[in-house]
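Remarks on the structure that follows.
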Amino acid sequence: MDKLIKSISSSGSFRAYVLDSTETVRTAQEKHQTLSSSTVALGRTLIANQILAANQKGDSKITVKVIGDSSFGHIISVADTKGHVKGYIQNTGVDIKKTATGEVLVGPFMGNGHFVTIIDYGTGNPYTSTTPLISGEIGEDFAYYLTESEQTPSAVGLNVLLDQDDKVKVAGGFMLQVLPGATEEEIARYEKRIQEMPAISTLLESDDHINALLSAIYGDEDYKVLSEEEIGFACDCSRQRFEAALITLGNAELKAMAEEDHGAEITCQFCGETYTFTEQDLEALIND
Ligand SMILES: [Zn+2]
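So in this note's numbering, spot 179 of the sequence shown is number 161, and the numbers just go up one at a time.
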């Protein structure tokens, strides 16, 4: 299980979340069989959604859509406030690296587009917000969204590192937010530290990247850990849910599927699980 740590500066003016999302992104890669760039792009979106979900109260559902006009297509992720996240990328096969360094490229293949969030508090009135993609690197686009849309100055660092076989080695990140009451002097101090912070990939490479991130954020200032929460990839799809979706097609359509196709096979976009309905299953749905 991965974890997310919520912390606050002892002055109460800065809040930071620090995450280990390695298993989350590894599971996503296994389920979707994504190649290098697609793995990193999907992984960063899942991490952004884990941060966003941790920021919500109550029992809400949080959707993040990164919609670009280049090779990746859309990246869609849905999280809840219990630590679960799921997601998929339209094009799983983008695999582009810099020749000299082997660095996996993301931004150019996201292209221009939007970072969209939909927060559903279960009231039937979801709150949607859209900001433009500023680099397509997802972490920067997410920080821009937080600063513009939620009006909270935020710094975000998140990444996914791959091993030599392009499998997920480590994934994670942080979010730092300025809270009301922060003094200018304090803000300047944190800003300087964030600017001088080692690259997020370097911090993720540390043996204990959670602590490496916390000390990069707070330096030698005191902080308090508020909570440690379990997070992970989980899909809430089920046979019953797809049965309900089939029923909404109506009897004529179900009959056609039974008689012409002798059954139906439905694959969940979010986790790749396939549900098979035989001709008899479909007839049972019609007769219900
Ligand atoms: Zn599923």
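Backbone N, C-alpha and C define an ideal beta-carbon position, used for all residues, glycine too.
Neighbourhood of residue i by C-beta, 7 angstroms cutoff - its chain only, sequence neighbours within 5 removed
i    : result
A275 : For the chain, the structure presents residues -17 to 270; residue 275 sits outside this window and is missing.
E225 : L267
A198 : M179, P180 and L185
Q15  : T74
L87  : S19, I78, K79 and K80
G65  : E211, E212, I213 and G214
Cβ shell of residue i (< 6 angstroms), same chain only, five flanking positions each side left out
i    : result
E187 : none
T45  : V60 and I100
E261 : A240, H244 and G245
Start and end residues, beta strand (DSSP E) containing residue i
i     : result
G155  : V150 to V160
E119  : That residue, E119, is in no beta strand (DSSP E); it is neither H nor E in DSSP.
F97   : G95 to D102
A137  : S136 to L144
S20   : Per DSSP, S20 belongs to no beta strand (DSSP E); it is in the alpha helix (DSSP H), S18 to A36.
H66   : H66 to I71
A246  : G245 to T249
D272  : Any answer about residue 272 is impossible in this case: the structure gives the chain only from -17 up to 270.
T230  : Per DSSP, T230 belongs to no beta strand (DSSP E) and is neither H nor E.
S(-9) : D(-16) to S(-9)
Neighbourhood of residue i by C-beta, 8 angstroms cutoff - its chain only, sequence neighbours within 5 removed
i    : result
E166 : none
Q72  : F54, G55, H56 and I57
V22  : V86, V88, N141, V142 and L144
R221 : Y257
Cβ-based burial, residue i [other Cβ within 10 Å; buried from 16]
i      : result
A36    : buried
S141   : Strictly speaking, residue 141 in this sequence is Asn, with Ser absent from that position. By the 10 Å Cβ count, N141 comes out buried.
S3     : buried
E242   : exposed
I(-13) : buried
V152   : buried
S(-9)  : buried
N193   : exposed
I229   : exposed
T249   : exposed
G236   : This sequence places Leu at residue 236; Gly is not what is there. L236 comes out buried.
S209   : exposed
Check: residue i C-beta below 7 angstroms from any heavy atom of ligand 1
i    : result
E225 : no
N-terminal and C-terminal residue of the alpha helix (DSSP H) that residue i is part of
i    : result
K13  : T4 to H14
D204 : Note, D204: premise wrong, no alpha helix (DSSP H); not H, not E.
G106 : Neither: G106 is in no alpha helix (DSSP H) and is coded neither H nor E.
Any residues whose CB sits closer than 6 angstroms to a heavy atom of ligand 1? List them in chain order? C217, C219, C250, F252, C253 and E255
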